[in-house]
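Numbering (this note's numbering), first residue to last: 60 to 552.
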């Protein structure tokens, strides 16, 4: 990261915009943060903590920060001090080293101070290309320490689709930065990695967390002086021609609308007026029916058997769900809600595949599963695996050929010129719709599904019952014959 910049948020020259609301807040927070870090003036001691087989440099505990706030800011209520500390953390001035949630806890949780280079007062507005470089770089580094969270992996996949044409350039930038980082001292690299991660936790927060950068007050500031906004963290230019990322769309400086802009807006609003709108009552009915349908599967509403793992320490329910090959009637019933629910369940997926094999159309599901697996593959394995899928399912004379419409086939063949995780998106969607409208309906009517749904006895059990009945019949006949013989002998004597 470009640590060499000395543009510290707390020492910049004041200008005509220093009294803007956001900057006033930033200055107050930065004043508190600098006082906390000043050990000579009674600040919190920054120390290195020893853990098992490693050391954690430059950290403080959450309890120390809370105590300092209460002592130096004359705060009597600990909850108020925690709230103030959480606001400071939400803006990225302090951050936990163990997770991505920027809040302050009054315990032994370890926190680290953010570098002034990344302070919000520097008016950062990072591009999506910067975020793509950061995530790509994380996948190349120490996976045990810097493994992507689920939401980050999803964001990386979306960004890869959005920047497909320039992804090679992004990948090269990430590789170059990784080589530079590896030359640094190990302790320094740990600190810089955590500070960079905290910066992106502020600008691309965890789903459900407050995003302090998306406020109208910041938009007003950018309109006043757009030239002070730093558009790129890594100095990567954005050509403006690539598709905007679905993760975050950066705001552009305001300009006076032209006549063409007004016409486009009028056209857009007319289209919105002509859209089909569903009544609120119908939406409510649909929501109620959905809730009633899934109510028995909600562990917080309905009782779970043998016990509820969400409110107890017994995880038997989860073990049964994952290991059992003989699903319960309740679980089988859920497969009938939709094809998505059937494919989510491993046993449901296996049963559906078994049914398709009986109809000699299992290639559809096997193709769909292969594409799902492709999306989770490491990036370096994607091109070879994409070609294997093509040779198995779509190439001329393929051993498991599937039926695609001409549009999906052309789009897929075009995508494979530069293969990626989502090259088969159109083909997969077509096959899914085909299974949903055709095979899935027959599966629900099949004996395979009905036997599981009604918990009927398996053929082996039925055969065993027949053998038992036959043995009983033989014994009863044998007894009657023996009795008749004895009676005959007595009469003859």
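C-beta: ideal position from N, C-alpha, C; glycine also.
A residue is called buried once 16 or more other Cβ atoms fall within 10 Å of its Cβ, and residue 348, having fewer, is exposed. Around the beta-carbon of residue 325, fewer than 16 other beta-carbon atoms lie within 10 Å, marking it exposed. One alpha carbon belongs to residue 455, the other to residue 186, and they sit about 43 angstroms apart.
Within the region 153-227, the runs of alpha helix (DSSP H) that reach at least 4 residues and sit entirely inside it are, in chain order, 187-199, 202-205 and 209-221.
A direct Cα-Cα distance of roughly 23 angstroms separates residue 194 from residue 444. Burial of residue 482 is indicated by the presence of at least 16 other C-beta atoms within 10 angstroms of its C-beta.
One Cα belongs to residue 474, the other to residue 169, and the distance between them is close to 47 angstroms. The shortest CA-to-CA distance from residue 159 to any of 256, 242 and 228 is the one to 256.
Remark: fewer than three beta-carbon pairs, one from each stretch, lie closer than 8 angstroms, so the region 234-242 and the region 124-138 are not flagged as touching. Residue burial is scored here from C-beta neighbours: residue 416 has fewer than 16 other C-beta atoms within 10 angstroms and is therefore classed as exposed. Listed in chain order, the non-local C-beta contacts of residue 118 below 8 angstroms within the same chain comprise 105, 106, 107, 108, 156, 169, 170 and 171, local neighbours out to five positions each way being set aside. Look at the beta carbons and you see the region 382-399 touching the region 501-511: at least three pairs across the two are nearer than 8 angstroms.
DSSP lists 108 as the bridge partner or partners of residue 115. For residue 333, the enclosing alpha helix (DSSP H) begins and ends at 318-333. Take residue 490, set aside five residues on each side of it, and the residues of its chain with a beta-carbon closer than 7 angstroms to its own are 423, 426, 427 and 461, in chain order.
DSSP places residue 494 in no alpha helix (DSSP H); its state is neither H nor E.
Taking the Cα positions, residue 142 is about 40 angstroms away from residue 352.
Ranking 227, 115 and 259 by CA distance to the CA of residue 152 puts 259 first.
The C-beta of residue 407 has 16 or more other C-beta atoms within 10 Å across all chains shown, which makes the residue buried. Residue 348 sits in a helix when the DSSP states are folded into three classes. Residue 120 is bridged by DSSP to 169.
Leaving aside the five residues that flank residue 123 on each side, the residues in its chain whose CB is nearer than 7 angstroms to its CB run, in chain order, 103. By the beta-carbon neighbour count (other beta carbons within 10 angstroms, threshold 16), residue 183 is buried. Taking all protein chains shown into account, residue 501 has fewer than 16 neighbouring C-beta atoms within 10 Å of its C-beta and is therefore exposed. With a 10 Å radius around the Cβ and a threshold of 16 neighbouring Cβ atoms, residue 471 comes out buried. Rounded to whole angstroms, the separation of the alpha carbons of residue 329 and residue 469 is 34 angstroms.
In chain order, 367 and 369 place their CB closer than 6 angstroms to the CB of residue 358, counting only its own chain and leaving out the 5 sequence neighbours on each side. DSSP, read as helix, strand or coil, puts residue 353 in helix. Shown here, residue 510 sits in a helix according to DSSP, grouped into three states. Around the beta-carbon of residue 463, 16 or more other beta-carbon atoms lie within 10 Å, marking it buried. Between the alpha carbons of residue 179 and residue 85 lies a distance of about 7 angstroms.
In the three-state reduction of the DSSP assignment, residue 427 falls in the helix class. In its chain, beyond the 5 residues on either side, 261 and 262 have a beta carbon closer than 7 angstroms to the beta carbon of residue 272. If you compare the alpha carbons of 404, 495 and 374 with that of residue 398, the shortest gap goes to 495. In the structure shown, residue 251 falls within a helical segment according to DSSP collapsed to helix, strand and coil.
Spatial neighbours of residue 337 in its own chain (CB-CB distance under 7 angstroms, excluding positions within 5 residues in sequence) are not present.
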